[in-house]
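Notes follow once the structure below has been shown.
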Amino acid sequence: MPRELAASRRPRATMRPSAPTPATVAAVRSLARLNAKAWGVAVGLLAGLGLLAATWILVILDGPVVGPHLSLLGVFLPGYSVTWLGGLVGFVYAFVGGYAMGRLIGYLYNLQVSAAR
Amino acid sequence: MTAFPARHRTPDDRIRATGAPGTDPLARVPDPSLERIVTLAFAPLHKRAFGVAVGTVAALALAALTVADVLLDTGDRFPLELLAVYLRGYQPSLAGALVGAAWAFGIGFVGGWFAAFTRNAVLAVVLIVTRARVHLLQTHDLLDHL
Numbered sequence: 593m594p595r596e597l598a599a600s601r602r603p604r605a606t607m608r609p610s611a612p613t614p615a616t617v618a619a620v621r622s623l624a625r626l627n628a629k630a631w632g633v634a635v636g637l638l639a640g641l642g643l644l645a646a647t648w649i650l651v652i653l654d655g656p657v658v659g660p661h662l663s664l665l666g667v668f669l670p671g672y673s674v675t676w677l678g679g680l681v682g683f684v685y686a687f688v689g690g691y692a693m694g695r696l697i698g699y700l701y702n703l704q705v706s707a708a709r
Numbered sequence: 205m206t207a208f209p210a211r212h213r214t215p216d217d218r219i220r221a222t223g224a225p226g227t228d229p230l231a232r233v234p235d236p237s238l239e240r241i242v243t244l245a246f247a248p249l250h251k252r253a254f255g256v257a258v259g260t261v262a263a264l265a266l267a268a269l270t271v272a273d274v275l276l277d278t279g280d281r282f283p284l285e286l287l288a289v290y291l292r293g294y295q296p297s298l299a300g301a302l303v304g305a306a307w308a309f310g311i312g313f314v315g316g317w318f319a320a321f322t323r324n325a326v327l328a329v330v331l332i333v334t335r336a337r338v339h340l341l342q343t344h345d346l347l348d349h350l
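So the protein sequences, as listed, match chains W and Y. The opening position of the first sequence corresponds to residue 593 in the working numbering, with each subsequent residue numbered one higher. The opening position of the second sequence corresponds to residue 205 in the working numbering, with each subsequent residue numbered one higher.
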C-alpha cells in the first residue's frame with residue numbers, strides 16, 4: 593500500500609490562491625508610478641488654460657450679453673467674471689483646483705500600486 | 205560580450221555601445237541603467253488603480269461642488285440640477301450629493317480604466333512596431349551575405 597499511503601499524504605488542493613508566478617511578480621513590479629506633482633501641474637495647466645481660453649474667446653466674440661452661462665462660475669469662484677481680468681482670476685482658480693485633483697489622482701494611484709507590490 | 209564604456213553621455217550612446225555588429229541586440233542584456241530607463245519609459249499603468257483614483261477624485265469633486273452650491277446662498281445659482289439629465293436621481297441637495305458622487309465615481313472609474321487601457325495598448329503597439337523594425341534592420345542585408 594505505499595502508493596495509497598503516499599497519495600493520502602499528498603496535500604489537498606485548497607481554495608487558497610496559488611503563489612504568484614515570477615512573470616506576475618515582474619509584471620506587478622514593472623507597473624508605472626505616477627509623479628503626483630507632475631500630474632498636478634499638468635491637470636492644473638489643462639484646467640487653467642481651458643478656462644482662460646473659454647473666457648477670453650467669449651470676450652473676443654463680444655455681444656449684448658457676454659457669457660451668461662460661464663459667468664455663473666462666479667458663484668463658486670469669487671472674483672471670476674467673463675472679462676480679460678476675470679479670465680486670469682479663473683486661470684488661477686482652475687489651476688489650483690486642477691493641481692489638487694491631479695495630485696490626488698497621482699497619490700491615490702501610487703497608494704494602490706504600492707499596495708499591489 | 206561587449207565591453208561597455210564607463211560613462212555614456214546619452215541613452216543613445218548606451219544603445220550604440222551595446223550594439224556589436226553581427227549580434228542580436230534584443231538577445232543581450234543591455235546596460236543595467238539603460239534597462240531601468242527603458243522599463244520606466246514603457247511601464248504599464250495599473251488600470252484598476254487608475255480607474256479608482258480618477259473615480260474617487262471625480263466623486264469628491266462633484267460632491268464638494270454640490271455641497272458648496274447648497275451651502276452658498278447667493279443670488280445667482282449655478283444650474284447644477286441640469287446634471288440630472290444625465291445622472292438619474294441627482295439633485296443639488298445633500299442627499300443628491302451622495303447620488304452624484306456615486307455616479308461620478310462610476311463614470312470616473314470607467315473613464316480612468318479605459319484611459320489606462322488605451323495608453324497601455326498604444327504603448328504595446330509602439331513596442332511591437334519598434335521591435336519589428338529592429339529585426340528588419342538586422343536582416344535587411346541578409347541577401348548580401350549569400
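The C-beta atom is built at its ideal place from N, Cα and C for all residues, glycine as well.
Residue i, DSSP secondary structure in three states
i, result
"residue 252(Y)", "helix"
"residue 281(Y)", "coil"
"residue 706(W)", "helix"
"residue 294(Y)", "coil"
"residue 698(W)", "helix"
"residue 654(W)", "coil"
"residue 208(Y)", "Caution applies to residue 208(Y), whose pLDDT of 42 falls short of 50 and renders its modelled position unreliable; the value that the coordinates give is listed next. Three-state DSSP puts residue 208(Y) in coil, outside helix and strand."
"residue 218(Y)", "In this prediction, residue 218(Y) scores a pLDDT of 49, lower than 50, which makes its location untrustworthy; no coordinate-derived value is stated."
"residue 611(W)", "coil"
"residue 687(W)", "helix"
"residue 270(Y)", "helix"
Contact check, residue i vs residue j, beta carbons under 8 Å
i, j, result
"residue 662(W)", "residue 650(W)", "yes"
"residue 691(W)", "residue 633(W)", "yes"
"residue 309(Y)", "residue 263(Y)", "yes"
"residue 250(Y)", "residue 628(W)", "no"
"residue 284(Y)", "residue 302(Y)", "no"
"residue 623(W)", "residue 288(Y)", "no"
Where the alpha helix (DSSP H) containing residue i begins and where it ends
i, result
"residue 328(Y)", "298-343"
"residue 347(Y)", "That residue, residue 347(Y), is in no alpha helix (DSSP H); it is neither H nor E in DSSP."
"residue 238(Y)", "236-245"
Where residue i falls, given that 16 or more other Cβ within 10 Å makes a residue buried
i, result
"residue 701(W)", "buried"
"residue 676(W)", "exposed"
"residue 689(W)", "buried"
"residue 647(W)", "buried"
"residue 331(Y)", "exposed"
"residue 210(Y)", "Here the model assigns residue 210(Y) a pLDDT of 46, short of 50, so the residue's position is not dependable and the matter cannot be decided."
"residue 347(Y)", "exposed"
Whole-angstrom C-beta distance between residue j and residue i, which should lie under 8 Å
i, j, result
"residue 259(Y)", "residue 313(Y)", "4 Å"
"residue 681(W)", "residue 671(W)", "5 Å"
"residue 304(Y)", "residue 290(Y)", "Going by Cβ atoms, the distance from residue 304(Y) to residue 290(Y) rounds to 10 Å, so no, they are not a contact pair."
"residue 257(Y)", "residue 697(W)", "5 Å"
"residue 705(W)", "residue 621(W)", "Rounded, the Cβ-Cβ distance is 10 Å, inconsistent with contact."
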